[in-house]
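Scroll down for the structure; my scribbles are underneath it.
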Amino acid sequence: QVQLVETGGGLVQTGGSLRLSCAASGRTVSINAMGWYRQAPGKQRELVVRITSGGSTNYADSVKGRFTISRDNAKNTVYLQMNSLKPEDTAVYYCYAQRADYSSTYWGQGTQVTVSS
Numbered sequence: 001q002v003q004l005v006e007t008g009g010g011l012v013q014t015g016g017s018l019r020l021s022c023a024a025s026g027r028t029v030s031i032n033a034m035g036w037y038r039q040a041p042g043k044q045r046e047l048v049v050r051i052t053s054g055g056s057t058n059y060a061d062s063v064k065g066r067f068t069i070s071r072d073n074a075k076n077t078v079y080l081q082m083n084s085l086k087p088e089d090t091a092v093y094y095c096y097a098q099r100a101d102y103s104s105t106y107w108g109q110g111t112q113v114t115v116s117s
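At position 21 of the sequence shown the residue is numbered 21 (the numbering used here), and the sequence of numbers has no breaks.
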């Protein structure tokens with residue numbers, strides 16, 4: 001099993017910045033991809049960004065150029081730097097980790113990000 005603990009999030013004004021962290025523990029040796037999904041009220045959960053253990057990244061078009069993901073493999077931690085935040089970024093952000101063989105996906109508890117206009 002893998003446990004994910006998220007920190008960060010909160011309330012920020014439009015144009016502001018926030019940084020999320022997600023630390024993995026447990027059987028992390030089996031993990032390849034990690035990243036973040038988000039879910040806004042009344043909407044489906046959507047992928048924000050993912051990063052592999054080798055450093056390859058995929059960003060949603062809506063966050064390209066504003067969000068940056070990084071990963072510290074030694075600490076089993078990923079970070080999401082969110083800049084130029086917009087009200088439409090308001091959502092619960094969920095960290096996830098996926099096994100290299102795709103057999104399991106693990107989720108964090110979610111952290112609220114609210115961007116006021």
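Cβ coordinates follow ideal geometry from the N, Cα and C atoms, glycine included.
Here the structure is a predicted model, which means the values were calculated and not measured.
1. Note down the Cα distance separating T28 from Q81, rounded to an integer number of angstroms.
2. For the beta strand (DSSP E) that contains E46, what are its first and last residues?
3. From which residue to which residue does the beta strand (DSSP E) around R19 run?
4. Can you name, in chain order, every residue of its own chain whose Cβ lies under 8 angstroms from the Cβ of T77, other than the five neighbours on each side?
5. To the nearest angstrom, report how far apart V113 and A91 are at their CA atoms.
6. Just how far apart, CA to CA, sit G16 and A97?
7. Who are the near neighbours of V12 in its chain, counting only those whose CB is closer than 7 angstroms to its CB and skipping five residues on each side?
8. Applying the criterion that 16 or more other CB atoms from any shown protein chain within 10 Å of the CB defines a buried residue, is D61 buried or exposed?
On the basis of the coordinates in this document:
1. Between the alpha carbons of T28 and Q81 lies a distance of about 23 angstroms.
2. E46 to I51
3. L18 to G26
4. When the five nearest sequence neighbours on each side are left out, the beta carbons in the same chain lying within less than 8 angstroms of the beta carbon of T77 are those of S21, C22, A23, A24 and R71, in order along the chain.
5. Distance between the alpha carbons of V113 and A91 is about 6 angstroms.
6. 27 angstroms
7. L18, L85 and V115
8. exposed
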